[in-house]
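As you go down the protein sequences, you meet chains S and H in turn.
Add 8 to a position in the first sequence, counting from 1, and you land on the number used in my numbering.
Add 1 to a position in the second sequence, counting from 1, and you land on the number used in my numbering.
Idealized CB from N, CA, C, for every residue including glycine.
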Amino acid sequence: MAIKEMTYREAVRQAMVDEMERDPNVFLMGEDIGRYQGTFRVTQGLFNQFKQVRVLDTPITEPGIVGLATGAAMVGLRPIVEMMTMSFSILALDQIINHSAKVHYMTAGQACVPLVIRGPGGAANQLSAQHSHSMEGWYAHVPGLKVVAPAFPADAYGMLKTAVRDDNPVIFTEHPTLYGVKGEVPVDMDYLVPFGKANIVRQGSDISLIAYSKMVHVCLEAAEKLAGEGIQAEVVDVRSLLPLDVETIYASVRRTHRAVVVYEDWRSGGFGAEIAARIGEDCFDDLDAPVGRVGGLNVPMPYARVLELQCIPNADDVIAAVRKAGL
Amino acid sequence: MAQPAELTIEESPAVLEELYRQMLFIRHFEEKCNQVYRMGKAGGYLHVYIGMEATAVGWLSMLRKDDYVITAYRDHAQALLMGDDPVAVMAEIMGRRGGTSRGKGGSMHLYDIKNNFFGGWGIVGGHIPLGAGLAFGSKYKGEDRVTLNFLGDGASNAGVFYETLNMAGLWDLPCIFLIENNEFAMGTRLEYHAANVELHRKGYPFGIRHERMDGMDVLAVRKAARRIIDYVRTEQRPYLVEVMNYRFAGHGAADNDQSLYRTPDEVEAAKARDPIRLLERVILDQGVLTQEQIEAIHAEIEDQVQDIYEKADAMPFPDPEEVYDNVYTDMEVEKGH
Numbered sequence: 009m010a011i012k013e014m015t016y017r018e019a020v021r022q023a024m025v026d027e028m029e030r031d032p033n034v035f036l037m038g039e040d041i042g043r044y045q046g047t048f049r050v051t052q053g054l055f056n057q058f059k060q061v062r063v064l065d066t067p068i069t070e071p072g073i074v075g076l077a078t079g080a081a082m083v084g085l086r087p088i089v090e091m092m093t094m095s096f097s098i099l100a101l102d103q104i105i106n107h108s109a110k111v112h113y114m115t116a117g118q119a120c121v122p123l124v125i126r127g128p129g130g131a132a133n134q135l136s137a138q139h140s141h142s143m144e145g146w147y148a149h150v151p152g153l154k155v156v157a158p159a160f161p162a163d164a165y166g167m168l169k170t171a172v173r174d175d176n177p178v179i180f181t182e183h184p185t186l187y188g189v190k191g192e193v194p195v196d197m198d199y200l201v202p203f204g205k206a207n208i209v210r211q212g213s214d215i216s217l218i219a220y221s222k223m224v225h226v227c228l229e230a231a232e233k234l235a236g237e238g239i240q241a242e243v244v245d246v247r248s249l250l251p252l253d254v255e256t257i258y259a260s261v262r263r264t265h266r267a268v269v270v271y272e273d274w275r276s277g278g279f280g281a282e283i284a285a286r287i288g289e290d291c292f293d294d295l296d297a298p299v300g301r302v303g304g305l306n307v308p309m310p311y312a313r314v315l316e317l318q319c320i321p322n323a324d325d326v327i328a329a330v331r332k333a334g335l
Numbered sequence: 002m003a004q005p006a007e008l009t010i011e012e013s014p015a016v017l018e019e020l021y022r023q024m025l026f027i028r029h030f031e032e033k034c035n036q037v038y039r040m041g042k043a044g045g046y047l048h049v050y051i052g053m054e055a056t057a058v059g060w061l062s063m064l065r066k067d068d069y070v071i072t073a074y075r076d077h078a079q080a081l082l083m084g085d086d087p088v089a090v091m092a093e094i095m096g097r098r099g100g101t102s103r104g105k106g107g108s109m110h111l112y113d114i115k116n117n118f119f120g121g122w123g124i125v126g127g128h129i130p131l132g133a134g135l136a137f138g139s140k141y142k143g144e145d146r147v148t149l150n151f152l153g154d155g156a157s158n159a160g161v162f163y164e165t166l167n168m169a170g171l172w173d174l175p176c177i178f179l180i181e182n183n184e185f186a187m188g189t190r191l192e193y194h195a196a197n198v199e200l201h202r203k204g205y206p207f208g209i210r211h212e213r214m215d216g217m218d219v220l221a222v223r224k225a226a227r228r229i230i231d232y233v234r235t236e237q238r239p240y241l242v243e244v245m246n247y248r249f250a251g252h253g254a255a256d257n258d259q260s261l262y263r264t265p266d267e268v269e270a271a272k273a274r275d276p277i278r279l280l281e282r283v284i285l286d287q288g289v290l291t292q293e294q295i296e297a298i299h300a301e302i303e304d305q306v307q308d309i310y311e312k313a314d315a316m317p318f319p320d321p322e323e324v325y326d327n328v329y330t331d332m333e334v335e336k337g338h
């Protein structure tokens, strides 16, 4: 195993290279991923390395792409579908929810769908209302799918490799603002980060900040600021929404007795509401304050930077929720 | 359209009898399904293949054992012809634990993956790219399988159909898109749902060979099917066929007022080309079977279907615990409400 410093983007790419080298049935398809090297350059160099058909440029037809990948997966291939942005996966909802997610159940186990759908999810920089969706909560609602949203390069690397080797359809969300984030990555063919395991990324005794993807970094920033005034916030990186590691979340809440759940998706009905409800149901006696939620504003994402920033939760929003929890 | 008398019969007497038995078996099986539904022993949606038997029987009889087949929700005939156990098919329709999907799928979701039958899908047009994916898979692995991708005239308007035709044309997928044009998208007649009623022409913009053919005369179906399957297998390229057939039954078992979209006279006129009667005429003309033998086959198959029904009806319903099975290949789901 070699520890390498790399960006989140490079970690995702390295995971795909590993898995394509390991298994000839793994292939990559998506819009502009080959000759154009990917809109966010995640697939840079892969077309030259693996050639068509293993790196396949597709027409701009998300339902067709996901449907074709699902059929190919049913006969033993292991497609990785790149969504140019997860917002475009909305077009493919019928294929993802009505088809991919149902195959194993409807066939009573006769068939399975080893499919990964990955791409940037969340608001980037002034991409406005149609390109800024956080879709992971929508997918985490659907039995039959697995949904992960790693926050760090090492997790992106290890979880994508796990996703490719999984026999079930996996939604793998990368946040577009994380692609340039650097971190140490243990590059090894068999470095796998399991699904369903949350990670305590900062220890603290006063309150649990629970988040995934980009919001983990926002929580870390908030925790740093709070530390300056003597409040020790613990940050739980959920990493995997479905399956969800409630035990790690509950254990943290039982230590700190306070919790704020932070998510970029619309506050109302987002996945953070699910986490908050579970804490309320199962940790009620451990809580010294109601579970707080910080989510995106319930408006379509606006274009102007000042308005966009207003919509996306930041460290100050998290700190305000910590105050509301009595600290 | 070609009449049986004008055809050179290439099939041996044994093959003719087998085709006849297959169509008759489907007819009786489907009639039993309708009866089972009326008895309240099947629920949900149930769509029978009565009147369309020559299409599936003709095409599937020309496939190789390792070829792939996928269709929509009018799927009983394909499941039976691909080798699914008829008792398990009936049990699935009746929601029993012994069903092909252990009672999780029902009439619309029959599968027999080991025999290369991939369902069994309920969203109109939704399975079409999956079929292209099967063809993509076999081509990727360097195999020479053919995928037969059934869809209805209604599904040929779905956006994902055009997306799939484009990909199939672009990547030369060995997939036969078989539009079963039974002239109705549920209760909406062809001329009210398609801007161009020659549906086979939808292959043209994608550089896909296409043609319209008869789907009621099983011998004519087989002749065309052999030629097209050979082309797709050899060239590893797609093909689009519009097979003209007609369903004598309603759209589904719950379609209880067909007068809303067609007249009894129209159905009677179509029955002049009942695929079973057409083949029966050939069989009698050629002296393959006598009238008495044919009647004996009818009785035999009726008994067989009754036996299938009784065996399925004797099967238990699924256990409550089974509701959690097969959501994932490798993990349990949370239990309880």
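Inset, instruction - List the residues of chain S whose Cβ lies closer than 8 Å to the Cβ of residue 119 of chain H, in chain order. - result: Taking the second sequence and counting its residues from 1, the one referred to as residue 119 of chain H is at position 118. Neighbours of residue 119 of chain H on chain S, chain order: 79, 82, 119.
Legend entry - Residues of the region 247–259 of chain S with Cβ closer than 8 Å to any Cβ of chain H, in chain order: 251
Legend entry - Where the beta strand (DSSP E) containing residue 146 of chain S begins and where it ends: If you number the first sequence from 1, residue 146 of chain S lands on position 138. Run containing residue 146 of chain S: none in the beta strand (DSSP E); it sits in the alpha helix (DSSP H), 144–147.
Inset, instruction - Check the C-beta distance from residue 22 of chain H over to residue 277 of chain H and give it rounded, since I have them as a contact under 8 Å. - result: Position 21 of the second sequence holds residue 22 of chain H. Position 276 of the second sequence holds residue 277 of chain H. With a Cβ gap of about 10 Å, residue 22 of chain H and residue 277 of chain H do not count as contacting.
Legend entry - Proximal chain S residues relative to residue 92 of chain H, where beta-carbon distance stays under 8 Å: Counting from one through the second sequence, the residue named residue 92 of chain H turns up at place 91. Residues of chain S whose Cβ lies closer than 8 Å to the Cβ of residue 92 of chain H do not exist, since the nearest Cβ in that chain is about 12 Å away.
Legend entry - Cα-Cα separation, residue 164 of chain H to residue 109 of chain S: Translated into positions along the second sequence, residue 164 of chain H becomes position 163. Translated into positions along the first sequence, residue 109 of chain S becomes position 101. Rounded to the nearest angstrom, the two C-alpha atoms are 21 Å apart.
Inset, instruction - For residue 102 of chain S, go through chain H and note every residue whose CB falls closer than 7 Å to its CB, in chain order. - result: Indexing the first sequence from 1 puts residue 102 of chain S at position 94. Here the neighbours are 124, 127.
Inset, instruction - Starting from the Cα of residue 198 of chain H, find the closest Cα among H:207, H:153, H:238 and give me that residue. - result: In the second sequence, the residue the question calls residue 198 of chain H occupies position 197. Out of H:207, H:153, H:238, H:153 has the C-alpha closest to the C-alpha of residue 198 of chain H.
Inset, instruction - Run through the region 120–189 of chain S for me and flag every whole alpha helix (DSSP H) of 4 or more residues, listed as ranges in chain order. - result: 144–147, 161–173
Inset, instruction - Indicate the three-state DSSP secondary structure (helix, strand or coil) for residue 111 of chain S in the structure shown. - result: Here residue 111 of chain S corresponds to residue number 103 of the first sequence, with the count starting at 1. Note: residue 111 of chain S maps to helix in three-state DSSP.
Legend entry - Closer than 9 Å to chain S by CB, residue 167 of chain H: As a working mapping, residue 167 of chain H is identified with position 166 in the second sequence. Chain S contact via Cβ: present.
Legend entry - For residue 267 of chain S, three-class secondary structure by DSSP: Translated into the one-based positions of the first sequence, residue 267 of chain S becomes position 259. Reduced to three states, the DSSP call for residue 267 of chain S is strand.
Inset, instruction - Examine the Cβ distances between the region 34–53 of chain S and the region 84–104 of chain S and report whether three or more of them are shorter than 8 Å. - result: yes
Inset, instruction - Sort H:269, H:314, H:70, H:140 by Cα distance to residue 52 of chain H and report the nearest one. - result: The sequence position of residue 52 of chain H within the second sequence is 51, counting from 1. Closest by alpha carbon: H:269.
Legend entry - alpha helix (DSSP H) segments (min. 4 residues) lying fully within the region 23–69 of chain S: 54–58
Inset, instruction - Please compile the residues from chain H whose C-beta is within a distance smaller than 8 Å of the C-beta of residue 152 of chain S. - result: In the first sequence, residue 152 of chain S corresponds to position 144, counting from 1. Neighbourhood of residue 152 of chain S in chain H, by CB distance below 8 Å: 328, 329, in chain order.
Inset, instruction - Measure how close the beta-carbons of residue 30 of chain S and residue 163 of chain S come, nearest whole angstrom, since I'm counting them as under 8 Å. - result: Translated into positions along the first sequence, residue 30 of chain S becomes position 22. Translated into positions along the first sequence, residue 163 of chain S becomes position 155. Wrong, their Cβ atoms sit about 19 Å apart, outside the cutoff.
Inset, instruction - Could you tell me which residues DSSP puts in a beta bridge with residue 241 of chain H? - result: What you label residue 241 of chain H is simply residue 240 of the second sequence in a count that begins at 1. DSSP lists H:178, H:211 as partners of residue 241 of chain H.
Legend entry - Chain-ordered neighbours of residue 332 of chain H on chain S, where CB pairs are closer than 7 Å: In the second sequence, the residue the question calls residue 332 of chain H occupies position 331. Simply 251.
Inset, instruction - Kindly indicate which three-state DSSP category residue 312 of chain S falls into: helix, strand or coil? - result: The sequence position of residue 312 of chain S within the first sequence is 304, counting from 1. In the structure shown, residue 312 of chain S sits in coil (DSSP, three-state: anything other than H, G, I, E or B).
Legend entry - Per DSSP, the bridge partner or partners of residue 219 of chain S: Here residue 219 of chain S corresponds to residue number 211 of the first sequence, with the count starting at 1. Note: residue 219 of chain S sits in a beta bridge opposite S:245, S:270.
Inset, instruction - Assign residue 15 of chain S to one of three DSSP states: helix, strand, or coil. - result: Counting from one through the first sequence, the residue named residue 15 of chain S turns up at place 7. If DSSP states are grouped into helix, strand and coil, residue 15 of chain S belongs with the strands.
Inset, instruction - Kindly list the residues whose CB is nearer than 7 Å to the CB of residue 2 of chain H, restricted to its own chain and excluding five residues on each side of it in sequence; keep chain order. - result: Residue mapping note: residue 2 of chain H aligns to position 1 of the second sequence, counting from 1. For residue 2 of chain H, the predicted structure reports a pLDDT of 47, less than 50, and the residue's modelled location is therefore unreliable. A value from the coordinates is still provided. These residues qualify, in order along the chain: 215.
Inset, instruction - Determine the extent of the beta strand (DSSP E) in which residue 69 of chain H is found, giving its start and end residues. - result: Here residue 69 of chain H refers to the residue found at position 68 of the second sequence. Segment 69–72, the beta strand (DSSP E) holding residue 69 of chain H.
Inset, instruction - With DSSP collapsed to three states, give me the class of residue 98 of chain S. - result: Position 90 of the first sequence, counted from the first residue, corresponds to residue 98 of chain S. Note: residue 98 of chain S maps to helix in three-state DSSP.
Inset, instruction - Taking 9 Å as the cut-off, decide whether the C-beta atoms of residue 256 of chain S and residue 215 of chain S are in contact. - result: Position 248 of the first sequence, counting from 1, holds the residue named residue 256 of chain S. Position 207 of the first sequence, counting from 1, holds the residue named residue 215 of chain S. Contact flag unset, no.
Inset, instruction - Give the secondary structure of residue 206 of chain H by DSSP, where H, G and I count as helix, E and B as strand, and everything else as coil. - result: The residue you call residue 206 of chain H lines up with position 205 of the second sequence. If DSSP states are grouped into helix, strand and coil, residue 206 of chain H belongs with the helices.
Inset, instruction - Please classify residue 21 of chain S: does DSSP put it in a helix, a strand, or coil? - result: Here residue 21 of chain S is taken as the residue at index 13 of the first sequence, counted from 1. In the three-state reduction of the DSSP assignment, residue 21 of chain S falls in the helix class.
Inset, instruction - Please state whether DSSP places residue 133 of chain H in a helix, a strand or coil. - result: Residue mapping note: residue 133 of chain H aligns to position 132 of the second sequence, counting from 1. Reduced to three states, the DSSP call for residue 133 of chain H is helix.
Inset, instruction - Name the two residues that bound the continuous beta strand (DSSP E) containing residue 26 of chain H. - result: Taking the first residue of the second sequence as 1, we reach residue 26 of chain H at position 25. Counting along the chain, residue 26 of chain H falls outside any beta strand (DSSP E), though it belongs to the alpha helix (DSSP H) covering 14–39.
Legend entry - Min CB distance residue 137 of chain H to chain S below 9 Å: Position 136 of the second sequence, counted from the first residue, corresponds to residue 137 of chain H. Taking Cβ atoms only, chain S reaches closer than 9 Å to residue 137 of chain H, which makes this a yes.
Inset, instruction - Starting from the C-beta of residue 58 of chain S, find all residues in its chain whose C-beta is less than 7 Å away, skip the five residues before and the five after it, and write them out in chain order. - result: Locating residue 58 of chain S in the first sequence gives position 50, counting from the first residue. Annotation for residue 58 of chain S: 28 place their beta carbon closer than 7 Å to its own, counting only its chain and skipping 5 residues before and after.
Inset, instruction - Look up residue 114 of chain H in the DSSP assignment and say whether it is helix, strand or coil. - result: In the second sequence, the residue the question calls residue 114 of chain H occupies position 113. If DSSP states are grouped into helix, strand and coil, residue 114 of chain H belongs with the helices.
Inset, instruction - Anything in chain S within Cβ reach of residue 105 of chain H, meaning under 7 Å, just list it in chain order. - result: Working through the second sequence from its first residue, we reach residue 105 of chain H at position 104. Those within 7 Å of residue 105 of chain H in chain S are 113, 114, 116.
Legend entry - residue 2 of chain H, DSSP secondary structure in three states: What you label residue 2 of chain H is simply residue 1 of the second sequence in a count that begins at 1. Low confidence applies to residue 2 of chain H: its pLDDT is 47, below 50, so where it sits in the model is not reliable enough to give any reading.
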